[in-house]
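**Q** Just so you know, the sequences run in chain order A and B.
Sequential numbering from 1 applies to the first sequence in my numbering.
Sequential numbering from 1001 applies to the second sequence in my numbering.
Could you have a look at this structure, given as structure tokens, before my questions?
2 protein chains.
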Amino acid sequence: MDIKTLCLGMLTSGEATGYDLKKRFEGTFSHFYTAGYGSIYPALADLAESGMVTCTEVAEQGKPAKKIYRITDMGTESFKKSLGGNDCPCHKVKSEFLAMMYFAQFMDPKQVSGLLQHRLQHIESTLDMLKTITAETSNEQTGPAFVRGFGETILKAAHDYISAYKIEQGSTSDHQLPGTRQDASGQ
Amino acid sequence: MDIKTLCLGMLTSGEATGYDLKKRFEGTFSHFYTAGYGSIYPALADLAESGMVTCTEVAEQGKPAKKIYRITDMGTESFKKSLGGNDCPCHKVKSEFLAMMYFAQFMDPKQVSGLLQHRLQHIESTLDMLKTITAETSNEQTGPAFVRGFGETILKAAHDYISAYKIEQGSTSDHQLPGTRQDASGQ
DNA sequence: TGCAGCATGTAATTTGTTACATGATTAA
DNA sequence: TTAATCATGTAACAAATTACATGCTGCA
């Protein structure tokens, strides 16, 4: 599924600007998809050109005119069809974190520790964000609820696993000074 | 981290051909990175050209000459440096599965069920593969062990989550016939 | 005084995927 | 006889990232 289809899907729940969609990619969608302005704006332009969405310009002062996009009936149809025609959707992970951890033996133990700490913090902030969104949303539909729950589950499992490993390393090994442990300077 | 660096890293544990590396991408690495021949072969050619690896051709009958790659000292140095210069490694998920599930309301319940079933099976086969690799490997180093354990943990958590959701849907709702449930035709 | 937020977009570059091209051996 | 395994590679294509370009408002 490309960004274009995803933008179209997002518009099924109401009008939005490119800027709005970006915020969604940073929110609920952030744990399973990424997209920047460089893909969102061209996607919306394409969708408008092919009649999937309409675009209403609203003049703003001191900013470029706001472009409000709304999905058309054709757009909704097309979106449903693209959902229907995919019974083998992929789920891919691309992790520099795991790749580096795989080669931990080539790294300074301090760097490894920093890496783990960094990842834990990232997981925690994502988890916080998901919680905030849940609190703000009422009457959540099963789809979004499933996806959010999935994210929370996986994130918690990852957090537990990394935490357990850190404790194990901290207590068993000698390559980390007991007094200095959990220092984790790098951010 | 690009495929080139990853190939270089893989070669730290011994000589290999492009074909060998592809198999590794299908094995231990499959749950956090993907790469096809189209990226591996050019990567190895680049590495050889820049002196990171050496290449020995061994003639074979009925096949193209086998090219055995070995990492050089310069290659090892370069690899260590690229590991050291990355204290904020990303961990990205790109999931068509979750994207589709987010929009479950636009899909036929049967398709949703098939989607879940399909994902469960994929998780199971990946888990089996990881188990097989573990059985075959003795004296595993901490890096690879951490990564494999991470994969198992996350995969199990995902499996449990999806299974629990299927049961919930199967028992509570009326949009699935009790007699036909868990049929999951699509593969 | 400076930064974050709002708001849009383009162009070059990077990166990886897909399809193509070849061809012997071996097990089912 | 059919498919899988071994074994290499290229060229066209698709997709997304990054850097660039602009500029007001409001808060600290």
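Cβ atoms here follow ideal geometry from the backbone N, Cα and C, with glycine treated the same way.
If L115 (chain A) sits next to K166 (chain A), beta carbons under 8 Å apart, how far is it from one beta carbon to the other, in whole angstroms?
**A** Wrong, their Cβ atoms sit about 11 Å apart, outside the cutoff.
**Q** Excluding the 5 residues preceding and the 5 following T76 (chain A) in the sequence, name in chain order all residues of the same chain whose CB lies nearer than 8 Å to its CB.
**A** T12
**Q** Could you check what DSSP says for P67 (chain A) in three-state terms: helix, strand or coil?
**A** Correcting the residue type first, residue 67 (chain A) is Lys in the shown sequence and not Pro. Note: K67 (chain A) maps to strand in three-state DSSP.
**Q** Could you round the C-beta distance between F1106 (chain B) and L83 (chain A) to whole angstroms and report it? I think they count as a contact, below 8 Å.
**A** 6 Å
**Q** Buried or exposed: H1175 (chain B), going by 16 or more other Cβ atoms within 10 Å of its Cβ?
**A** Annotation note: pLDDT 49 at H1175 (chain B) (below 50); position unreliable, coordinate value reported separately. By the 10 Å Cβ count, H1175 (chain B) comes out exposed.
**Q** Is there at least one Cβ from chain A nearer than 7 Å to A1099 (chain B)'s Cβ?
**A** Against chain A, the CB of A1099 (chain B) has a partner CB under 7 Å away; the residue lies at that interface.
**Q** Take every Cβ of the region 1006-1020 of chain B, pair it with every Cβ of the region 1038-1048 of chain B, and state whether three or more of those distances are shorter than 8 Å.
**A** The region 1006-1020 of chain B vs the region 1038-1048 of chain B: in contact.
**Q** Distance, Cα to Cα, V1053 (chain B) vs V1147 (chain B)?
**A** 25 Å
**Q** For R1181 (chain B), which of helix, strand or coil comes out of DSSP?
**A** Confidence is the limiting factor: at R1181 (chain B) the pLDDT is only 41, short of 50, which leaves the residue's position unreliable, though a coordinate-based value still follows. Of the three classes helix, strand and coil, the one that applies to R1181 (chain B) here is coil, per DSSP.
**Q** Chain B partners of Q117 (chain A), CB-CB under 7 Å?
**A** Under the 7 Å cutoff, chain B gives no residues; its nearest Cβ is about 10 Å from Q117 (chain A).
**Q** What is the C-beta distance between F1032 (chain B) and V93 (chain A), in whole angstroms, given that I count them as a contact (C-beta under 8 Å)?
**A** 5 Å
**Q** Are the C-beta of M987 (chain B) and some C-beta of chain A separated by less than 7 Å?
**A** Outside the shown range of chain B (1001 to 1187) lies residue 987 (chain B), about which nothing can therefore be said.
**Q** Hey, is the region 1055-1070 of chain B in contact with the region 122-129 of chain A, meaning 3+ C-beta pairs nearer than 8 Å?
**A** no
**Q** Does the Cβ-Cβ distance between Y161 (chain A) and P1144 (chain B) come in under 7 Å?
**A** no
**Q** Check H159 (chain A) in the structure and name its three-state DSSP category.
**A** Under the three-state reduction of DSSP output, H159 (chain A) falls in the helix class.
**Q** Where DSSP assigns a beta bridge to A16 (chain A), which residues make up the other side?
**A** Beta-bridge pairing by DSSP links A16 (chain A) to A:Y69.
**Q** Give, in chain order, every residue of the region 75-105 of chain A whose Cβ lies closer than 8 Å to some Cβ of chain B.
**A** F79, K80, L83, G84, N86, D87, C88, P89, C90, H91, K92, V93, K94, S95, E96, F97, L98, A99, M100, M101, Y102, F103, A104, Q105
**Q** Relative to chain A, which residues along the region 1044-1075 of chain B have a C-beta separation below 7 Å, given in chain order?
**A** none
**Q** Straight-line CA distance for E60 (chain A) to G1051 (chain B)?
**A** 56 Å
**Q** Can you list the residues of chain A that H1159 (chain B) reaches, using a CB-CB cut of under 7 Å?
**A** Within chain A, no C-beta atom comes less than 7 Å from the C-beta of H1159 (chain B); the nearest is roughly 10 Å away.
**Q** Using a beta-carbon distance below 7 Å, is Q1141 (chain B) in contact with chain A?
**A** yes
**Q** Which residues in chain A have a C-beta closer than 9 Å to the C-beta of Y1037 (chain B)? List them in chain order.
**A** Going along chain A, no residue has its Cβ under 9 Å from Y1037 (chain B), so there is no contact; the nearest lies around 18 Å.
**Q** With a floor of 4 residues, list each alpha helix (DSSP H) that falls wholly inside the region 1100-1160 of chain B, ordered by position along the chain.
**A** Within the region 1100-1160 of chain B, the complete alpha helix (DSSP H) runs of at least 4 residues are 1109-1136.
**Q** Please list, in chain order, the chain B residues whose beta carbon lies closer than 8 Å to that of L6 (chain A).
**A** A1099
**Q** Assuming H118 (chain A) contacts C1088 (chain B) (C-beta within less than 8 Å), just tell me the rounded distance between them.
**A** 7 Å
**Q** Cβ of P1109 (chain B) less than 7 Å from any chain A Cβ?
**A** no
**Q** Taking 6 Å as the cut-off, is the C-beta of G1009 (chain B) nearer than that to any heavy atom in the ligand GDP?
**A** Among the ligands in the structure shown, none appear at all, so the ligand GDP cannot be discussed.
**Q** I154 (chain A) touches chain B at which residues, Cβ-Cβ below 9 Å?
**A** V1093, I1154, A1157, A1158, Y1161
**Q** Enumerated in chain order, which unbroken segments of the alpha helix (DSSP H) with a length of 4 residues or greater are wholly contained in the region 29-93 of chain A?
**A** 37-49, 73-84
**Q** Spell out whether any CB of chain B is found under 7 Å from the CB atom of P42 (chain A).
**A** no
**Q** Do A1157 (chain B) and T153 (chain A) have their C-beta atoms closer together than 7 Å?
**A** yes
**Q** What number of angstroms, rounded off, separates the C-alpha of E1015 (chain B) from the C-alpha of I1003 (chain B)?
**A** 17 Å
**Q** Just to confirm, are L155 (chain A) and I133 (chain A) a CB contact at a threshold of 7 Å?
**A** Taking 7 Å as the Cβ cut-off, L155 (chain A) and I133 (chain A) do not qualify as a contacting pair.
**Q** Using a Cβ-Cβ distance cut-off of 7 Å, determine whether F1146 (chain B) contacts chain A.
**A** yes
**Q** Cβ of G9 (chain A) less than 7 Å from any chain B Cβ?
**A** Chain B contact via Cβ: present.
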